[in-house]
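Protein chains in written order, with this note's numbering: chain V, 31 to 234; chain P, 17 to 599.
Here a beta-carbon is modelled for each residue, glycine too, at the ideal position from N, C-alpha and C.
All values derive from a computational prediction rather than experimental measurement.
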């Protein structure tokens, strides 16, 4: 192995706040005073918990209607999947695809990726660490865009308020969907990607 | 951390010092627990929201959409259509509905469901809002305690809801007319109810209508209330001018029924629900009706042009019913076509007479029925029907029933169905007959013979005259001549003598006239004589007066002025005498 010594080998810990390399024995950063951890504390457990919570929330997010549309007295409640189907059947396949990606593909990808990462890291697997790291970076980037649905509902509900003519109101589903997005983001934040590489270094 | 417990042993120096928490379960697990708790609570909540699932069948699924069409009661959503499928025999549509939990009463077995669509009906336009929002299913909870999950939907909205207070009644009519479900019911021109349903009567000879009278007004429906069809405009051209009567604009357009109790009505009890009434064609028919109608038949021998169905049947000038049918009959024996007139009469109108008849115990037991007995009694007294002219102008006939005491007795079968009232020829017909009889009599006079006889007579007269001319005239001429001679003789002898006599008389008259002339001596003498006589008479009167007052004067003679009375007037007497005009 031609790689240089790791921080751990040199008994150094990187500060989360200012990225200062501090001696591992210290509890706080010498420079900014932030708490010093070798890895994010309790990373896997926290990620698991958030992932589980988001999975639970994903069920009502899909089962409950996300918005109530009232056009000229005919009110209807739409679930996410119902809306996608409606767009698809009425020929708006592009919109259907967009909503499908934002509200189904992205969260499910996140669940899968996070789950895979957590399982592999827990088992200290040394399988394809580079790819796993790439996957993690991808879900971090994509994570924000899952809020698309929530934003759309918030915007439409705020704008379309013409009293009896037509009005759109948010429903419980969107709250759970927002929670799903939030919790997956927390899960991703709790996960410390350095754990992917730990077995390689430590078990070498 | 658990992952580190399974980790293979590491070289001590490379192993970092990691601060471990004492608690084995991280606080972060509270997040999924809370999420799960919320999820489960929502699940329970939504499970509680789920109400009964029912299936309603409709004739058509027009306007209904799966997962979208709502079920509403008072415009509150109480359920939603979940699936729409064809019924097994494809005659109807099964609509599965998921009701909300609070809508459990709507699963009661007598609940009703119907599709609310925009419709223009009798009562106006309804369901206009569904033009944009699409149809929805209207529902009304039943009152039954048992529930069911399969219903048959109504094709029209029920006009009356269960909760509405009021009473239902049944009407029987010959025809539906312009009435419809929702047609108004008017009491003194106030809308008090409506027609709820109608159907052909089981025998197909009429229409049964069901009415709903709203609560405060249903108490005005009494046993003798009359209902009539108040649809449209009634125009009456009568002796008192033209009369147009309507109930309301809605009744004109959508039809309506009006009812009123007779003015003399004594019943105040509200009729029982579902009581049956007759629907009369118009107000006058309704007012004419009284009590139970009875069908009678009359057979007229004369043609009845001008008698129309609906013409009044009058008894003693009071309408007691109306003509309902006019048919031709054929008499095999006489080979004539009599007219059969069917009429409905209301024996109640006969008042006390009817009461007396019906309260008779014999009549009550009789099998022929009260009207049979009633008519039998009247026919015995001479009741006969006549077709009379109501209007000479139009030739309209009406049936008049009157007691004709001198009518020929007839056999009356009081058990017959229908009762047949004997008839006589009407007054106008009678007159016609009399005129005809007179004309016939006149035509029987042998004018031809009379003419011939007269002609012969005249000829004979002429002959006689000729004979007279020939034989008598010459004789007559001679007689005249002789007479002439006789007269001449008379004038020759008698006239000169007569002349002499007249001259003599004339002379005498002239003498007399001289004597009587004004200035003649004898006449003057006569005048003086008369004057003298008058004076004498007056003196005598004065004397007698004086003597009457002074009888003593006969003895004593006239006493001079000493006497207070009596003699004062004496100068006047003397003066009177002196004043006596001289002739």
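C-beta neighbour in chain V for residue i, strict 7 Å
i                      : result
residue 119 of chain P : no
residue 44 of chain P  : yes
residue 20 of chain P  : In this predicted model, residue 20 of chain P has a pLDDT of only 48, less than 50, meaning its place in the structure is not dependable; the value taken from the coordinates is given anyway. Chain V contact via Cβ: absent.
C-beta neighbour in chain P for residue i, strict 7 Å
i                      : result
residue 52 of chain V  : no
residue 30 of chain V  : In the structure as shown, chain V begins at 31 and stops at 234. Residue 30 of chain V is therefore absent and cannot be evaluated.
residue 108 of chain V : no
residue 75 of chain V  : yes
residue 31 of chain V  : Residue placement at residue 31 of chain V is flagged as unreliable, the pLDDT there being 49, under the threshold of 50; the coordinate-derived value follows with that caveat. So, not an interface residue.
residue 83 of chain V  : yes
residue 79 of chain V  : yes
residue 116 of chain V : no
Option in the options with minimal Cα separation from residue i
i                      : options                       : result
residue 241 of chain P : P/279, P/475, P/96 and P/118  : P/279
residue 75 of chain P  : P/47, P/94 and P/109          : P/109
residue 228 of chain P : P/292, P/170, P/251 and P/277 : P/292
residue 427 of chain P : P/421, P/437 and P/262        : P/437
residue 260 of chain P : P/214, P/250 and P/471        : P/250
residue 196 of chain P : P/270, P/159, P/158 and P/248 : P/270
residue 198 of chain V : V/66, V/36, V/43 and V/100    : V/100
residue 99 of chain P  : P/490, P/91 and P/80          : P/80
residue 172 of chain V : V/193, V/141, V/151 and V/191 : V/141
residue 333 of chain P : P/402, P/409 and P/67         : P/402
residue 166 of chain P : P/325, P/200, P/114 and P/180 : P/114
residue 164 of chain P : P/190, P/193 and P/128        : P/128
residue 169 of chain P : P/198, P/492 and P/122        : P/122
residue 425 of chain P : P/441, P/397, P/406 and P/451 : P/397
residue 227 of chain V : V/184, V/163 and V/177        : V/163
residue 230 of chain V : V/157, V/66 and V/185         : V/157
residue 144 of chain V : V/75, V/177 and V/116         : V/75
residue 217 of chain P : P/187, P/206 and P/199        : P/187
residue 116 of chain P : P/482, P/63 and P/542         : P/63
residue 233 of chain P : P/503, P/451, P/561 and P/207 : P/207
residue 112 of chain V : V/105, V/121 and V/96         : V/96
residue 47 of chain P  : V/79, V/216, V/47 and V/209   : V/79
Proximal residues of chain P, C-beta to C-beta of residue i below 7 Å
i                     : result
residue 86 of chain V : 48, 51, 52 and 55
residue 90 of chain V : 55 and 58
Neighbour list for residue i in chain V, Cβ cutoff strictly below 9 Å
i                      : result
residue 130 of chain P : What residue 130 of chain P touches in chain V: nothing, since even the nearest Cβ is about 18 Å away.
residue 12 of chain P  : Any answer about residue 12 of chain P is impossible in this case: the structure gives chain P only from 17 up to 599.
Chain V contact residues for residue i, given Cβ-Cβ distances below 8 Å
i                     : result
residue 87 of chain P : Those do not exist, as residue 87 of chain P stays about 13 Å from chain V at its closest Cβ, beyond 8 Å.
Amino acids of chain V, ordered along the chain, whose beta-carbon sits closer than 7 Å to that of residue i
i                     : result
residue 84 of chain P : 106
Interface residues of chain P facing residue i [CB-CB closer than 8 Å]
i                      : result
residue 213 of chain V : 47 and 51
Cβ of residue i within 7 Å of any chain A Cβ
i                      : result
residue 417 of chain P : Looking for chain A here will not work: the only protein chains present are V and P.
May I have a chain-ordered list of the beta strand (DSSP E) segments no shorter than 3 residues that lie completely inside the region 91–144 of chain V? 97–101 and 104–108
Could you say if the region 316–332 of chain P and the region 352–359 of chain P meet the contact criterion of at least three C-beta pairs nearer than 8 Å? yes
What beta strand (DSSP E) runs, 3 residues minimum, are completely inside the region 202–239 of chain P? 206–216 and 223–230
Run through the region 81–169 of chain P for me and flag every whole alpha helix (DSSP H) of 4 or more residues, listed as ranges in chain order. 146–149
Determine contact between the region 122–136 of chain P and the region 149–166 of chain P, defined as no fewer than three beta-carbon pairs at a distance below 8 Å. yes
Any contact of the region 72–84 of chain V with the region 123–136 of chain V, i.e. 3+ C-beta pairs under 8 Å? no
Quick check for students: name the residue ranges of the alpha helix (DSSP H) that lie wholly in the region 519–545 of chain P, counting only runs of 4 or more. none
What are the complete alpha helix (DSSP H) segments, minimum 4 residues, inside the region 394–476 of chain P? 443–460
Hey, is the region 449–466 of chain P in contact with the region 331–345 of chain P, meaning 3+ C-beta pairs nearer than 8 Å? no
Should the region 90–98 of chain V be called in touch with the region 197–217 of chain V, which here means at least 3 C-beta pairs below 8 Å? yes
Is it true that the region 82–97 of chain P meets the region 40–49 of chain P, where meeting means three or more beta-carbon pairs spaced less than 8 Å apart? no
Counting pairs of Cβ atoms below 8 Å between the region 186–201 of chain P and the region 223–237 of chain P, do you hit three or more? yes
Validate contact between the region 181–188 of chain V and the region 58–69 of chain V using beta carbons, cut 8 Å, 3 pairs: no
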